[in-house]
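I have placed the structure first, in the form of structure tokens, so that the comments after it can refer back to it.
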Amino acid sequence: MTSPAKTRAHSPSPDPLLAGSTTTRCQGQQRLLPGALPAGHLIAGRFSLEASVGRGGQGVVYRALDLQTHQPCAVKLSRRRRYRRATPLLAKLHHPRVQELLGWGSEGGLDYLVFRLYSGSDLQALVKSAGPLEAGRVRALGAQLFTTLSHLHKGGVIHRDVKPSNVMLAGRRLVLIDFDLATRIGEIQPRGRLIGTPLYMSNELLSGRAAGPADDIFAGAVSLFELARGTLPTATSAPKNIEELRAARRAPLESLGALDGFFKRALSPDPHQRFDSALAAAVALTRSGVA
3 MTSPAKTRAH SPSPDPLLAG STTTRCQGQQ RLLPGALPAG HLIAGRFSLE
53 ASVGRGGQGV VYRALDLQTH QPCAVKLSRR RRYRRATPLL AKLHHPRVQE
103 LLGWGSEGGL DYLVFRLYSG SDLQALVKSA GPLEAGRVRA LGAQLFTTLS
153 HLHKGGVIHR DVKPSNVMLA GRRLVLIDFD LATRIGEIQP RGRLIGTPLY
203 MSNELLSGRA AGPADDIFAG AVSLFELARG TLPTATSAPK NIEELRAARR
253 APLESLGALD GFFKRALSPD PHQRFDSALA AAVALTRSGV A
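With the working numbering applied, the sequence shown covers 3 to 293.
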């Protein structure tokens, strides 16, 4: 284990559980504020921050430059230690469609994650700018999404926050990002507490059941419906509470032509009628509407 005095940015290693256990201090032992760092501020003496490009409940994201490789990257900072659980999970998920983790650690009271920076837009921004996507493109993107989720689940990981804004489109390649809420399959989770984005959560998850692979699949199907229709698969796009959301889901789905059979099963109110694996969902989606 690296000593605190010599901490550098961690790179994924055979034992990433040790990562993040070291701490560096900024000058004067000053604690840093994640959203108030100037351009040129160095993280781990290597990653030069350029500009804030995103902010959410889990932290602040900066565009940065890796001074060792001279490549652009993304640095996510948080004071809440929310990354301690997700980091070792993400470090093990080597896949071209999973956000690539370049390093992680702690500095000045902040936890940081460093990711490869992808050029492109997320799927939510794509739909807002271009409108609903045609069925063939929904099939292609959905097949990528569900095969990526299958890789996660086979690796013992659930994402817990699958939604269009957490899926990047880098050229023709889909990349699943933002693993802040990820957890191991079977890990004990707090009951009665919603973790994720309710509009994309299954009714069972909304009722307080612990998350599992089926919930990633359901969220993926909700996301694809949004890509195909431009709206969520509910009678109202802005339910005021959980009960209103459940009620809205009891209404028949709007027709999406060739994709109707897939969505009828993937979004069925009865969880036993849905796909039993992400791979099965990918196969069914690829075959949907094909004679």
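Backbone N, C-alpha and C fix where the C-beta goes; we use that ideal spot for every residue, glycine too.
All figures in this text were calculated on a predicted structure; none of them were measured in a lab.
Per DSSP, residue 61 is one residue of the beta strand (DSSP E) stretching across 61-68. For residue 114, the beta-bridge partners assigned by DSSP are 79 and 107.
Excluding sequence positions up to five before and after residue 279, its CB lies within less than 8 Å of the CB of 152, 155, 215 and 219, all in the same chain and listed in chain order.
Going by C-alpha positions, residue 268 is about 26 Å away from residue 192. Sequence-distant Cβ neighbours of residue 288 in its own chain, meaning closer than 8 Å and more than five residues away, are 141 and 145.
Look at the beta carbons and you see the region 226-233 touching the region 244-261: at least three pairs across the two are nearer than 8 Å. Comparing alpha-carbon positions, the option among 260, 270 and 76 lying closest to residue 251 turns out to be 270. Here residue 124 is bridged, per DSSP, to 170.
Cα atoms of residue 221 and residue 164: separation of roughly 6 Å, rounded to the nearest angstrom.
Residues 50 of the same chain have their beta carbon placed closer than 7 Å to that of residue 44, with the five preceding and five following residues left out of the count. Remark: C-beta atoms of residue 109 and residue 46 approach each other more closely than 8 Å.
Taking 8 Å as the upper bound for CB-CB distance, residue 178 and residue 150 are in contact here, some 5 Å apart.
Taking the Cα positions, residue 169 is about 19 Å away from residue 94. In the three-state scheme derived from DSSP, where H, G and I count as helix and E and B as strand, residue 71 is classed as coil. Under the three-state reduction of DSSP output, residue 268 falls in the helix class.
In terms of Cβ geometry, residue 248 and residue 197 do not form a close pair [threshold 8 Å]. Note on geometry: alpha-carbon atoms of residue 261 and residue 133 lie some 17 Å from one another. In the three-state reduction of the DSSP assignment, residue 186 falls in the strand class, which pools E and B. Taking the Cα of residue 57 as reference, the smallest distance to any Cα among 92, 72 and 79 is reached at 79.
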